[in-house]
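Quick note: the sequence shown uses our numbering, first residue 2, plus one each step.
Cβ coordinates follow ideal geometry from the N, Cα and C atoms, glycine included.
Report on the following structure.
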Amino acid sequence: MRDLFRFLFRIRNTLLFLALLGISSVLLYNGNTHHRAEAISSSNAIAGTLFSWRKDITDYANLKEVNARLVAENANWRNRHSSAYAPVEDLFVRINDTIRRQQYSYLPAKVVNSTWHKPRNFITLDKGSANGLHDDMGVIGPNGIVGVIRDVNAHFASVISVLNPDVKTSVKVRRTGHFGLLYWDTNNPVTSSVVDIPKHARVHPGDTVVTMGGDGIFPADVPVGMVLSVENPPGRQDQAITVHLFEDMTRSGFVYVVNDLQRAERDTLEKEHEAP
Numbered sequence: 002m003r004d005l006f007r008f009l010f011r012i013r014n015t016l017l018f019l020a021l022l023g024i025s026s027v028l029l030y031n032g033n034t035h036h037r038a039e040a041i042s043s044s045n046a047i048a049g050t051l052f053s054w055r056k057d058i059t060d061y062a063n064l065k066e067v068n069a070r071l072v073a074e075n076a077n078w079r080n081r082h083s084s085a086y087a088p089v090e091d092l093f094v095r096i097n098d099t100i101r102r103q104q105y106s107y108l109p110a111k112v113v114n115s116t117w118h119k120p121r122n123f124i125t126l127d128k129g130s131a132n133g134l135h136d137d138m139g140v141i142g143p144n145g146i147v148g149v150i151r152d153v154n155a156h157f158a159s160v161i162s163v164l165n166p167d168v169k170t171s172v173k174v175r176r177t178g179h180f181g182l183l184y185w186d187t188n189n190p191v192t193s194s195v196v197d198i199p200k201h202a203r204v205h206p207g208d209t210v211v212t213m214g215g216d217g218i219f220p221a222d223v224p225v226g227m228v229l230s231v232e233n234p235p236g237r238q239d240q241a242i243t244v245h246l247f248e249d250m251t252r253s254g255f256v257y258v259v260n261d262l263q264r265a266e267r268d269t270l271e272k273e274h275e276a277p
C-alpha cells in the first residue's frame, strides 16, 4: 500500500492535469450546445464502430452453423427440384400438386478428408450407414459431380473421387447429345478426359458435358465440365476430349449424396432376370 501511495504522489501533477481536463470538458460540453452535439456524434460513431466489430466477430464465429444451415436448405431445394422427379406414366395417377413422383433424394455430408494428387484419389465423408448411405451412391458438389461411394461404416463413407481411373461415369455432350465415359487419365486435378465419343460427333471447345443419368448413381444433366480441347488421334475410333471439371476437387466442404429411390426396385428386377 505504501508503494501505491508513493507512485500516486510521483504522478500527482499528471493526475491533477487529467482531473482538471475532465472538469473543463464537462463544463464545456454542458455549457455549449454545439460542443455537446459534436461529443454525442463522436461517441455514437465510436460505439457504432465497436458494435460493428463485435457483429463481425460474432458472424465469423457463427459461420459453421450458417454453412450447415445453408447446406440443409440446398439439400431441401435439390429434393424439390424437377431433376429429382420422374414422370408418372401409369394409366391412373393420384394428383396432389404434381404429376411427377420423386426419384432422387439428397443427403448433405461434409468432406473430412480428401486427396487429389495421387494416382487414385479418395474422399472421406462424415456420414455412414447410420445415415442411410451405402456403396454405389453418387456424390455431387455445389458445381458438379464428385465421385461414387465405395465403402461405408456406421458413421463414415469412403468415396472414389472422379480423380480416380477406377471411376468411369456415363456422360454426354449437352449440345449434341453424344455420350461417352468420363475417365481421369490427365493426372491434373482440374481436368479429365471423355472417351468413347465417335469421331463423327461434332464436339467443340466450350461445349458443356453433363451426366447421362439412368445408371442409378447420378441423375441426368448434372454438370460435369466444359470441353477444353478435341483431338482425333490416328488409330483410335473415338475422339480425345479433355474437359475442365466444374467441381474444384482440391477443396473441402459440403457435398450431397444422391439416393435413387427406385434403385432397389430396379436391382431386384435385374437380379430376377439374371437368375438361372
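Buried/exposed call for residue i, threshold 16 Cβ in 10 Å
i: T212; result: buried
i: N122; result: buried
i: D261; result: buried
i: A110; result: buried
i: H205; result: exposed
i: E273; result: exposed
i: D138; result: Per the sequence presented here, residue 138 reads as Met, with Asp not at that position. It is buried - the Cβ of M138 has at least 16 other Cβ atoms within 10 Å.
i: P235; result: exposed
i: D268; result: exposed
i: R13; result: exposed
i: I24; result: exposed
i: E248; result: buried
i: Q103; result: exposed
i: L270; result: exposed
i: G178; result: exposed
i: F10; result: exposed
i: A131; result: exposed
i: F18; result: exposed
i: L71; result: exposed
i: P224; result: buried
Under the three-state DSSP convention, the category residue i falls into
i: E266; result: helix
i: N114; result: strand
i: L1; result: No statement about residue 1 is possible, as the shown extent of the chain runs from 2 to 277 and does not include it.
i: K119; result: coil
i: T15; result: helix
i: A20; result: helix
i: L71; result: helix
i: V195; result: strand
i: E273; result: helix
i: Q103; result: strand
i: V1; result: A query on residue 1 cannot be resolved here, the shown segment of the chain reaching from 2 to 277 and no further.
Terminal residues of the beta strand (DSSP E) in which residue i lies
i: F6; result: Where F6 is concerned, there is no enclosing beta strand (DSSP E), although the alpha helix (DSSP H) it sits in stretches over 3-11.
i: P224; result: 224-232
i: H245; result: 241-246
i: D261; result: 255-261
i: I218; result: It is not in any beta strand (DSSP E) - I218 carries neither H nor E in the DSSP assignment.
i: A151; result: According to the sequence displayed, residue 151 carries Arg and not Ala. Run containing R151: 146-153, per the beta strand (DSSP E) assignment.
i: T170; result: 170-174
i: F180; result: 180-184
i: A158; result: 158-162
i: T177; result: Per DSSP, T177 belongs to no beta strand (DSSP E) and is neither H nor E.
i: T212; result: 209-212
Short Cβ contact (8 Å threshold) for residue i with residue j
i: P280; j: M250; result: No answer is possible for residue 280: the residues shown for the chain start at 2 and end at 277.
i: G214; j: D222; result: yes
i: I242; j: S194; result: yes
i: L141; j: V244; result: Note on identity: in this sequence residue 141 is Ile, with Leu being the wrong assignment. Taking 8 Å as the Cβ cut-off, I141 and V244 do not qualify as a contacting pair.
i: G217; j: R175; result: no
i: G254; j: G145; result: no
i: V149; j: I124; result: no
i: D127; j: V113; result: yes
Chain C contact for residue i (CB, 8 Å cutoff)
i: G148; result: No chain C appears in this structure, which consists of one protein chain only.
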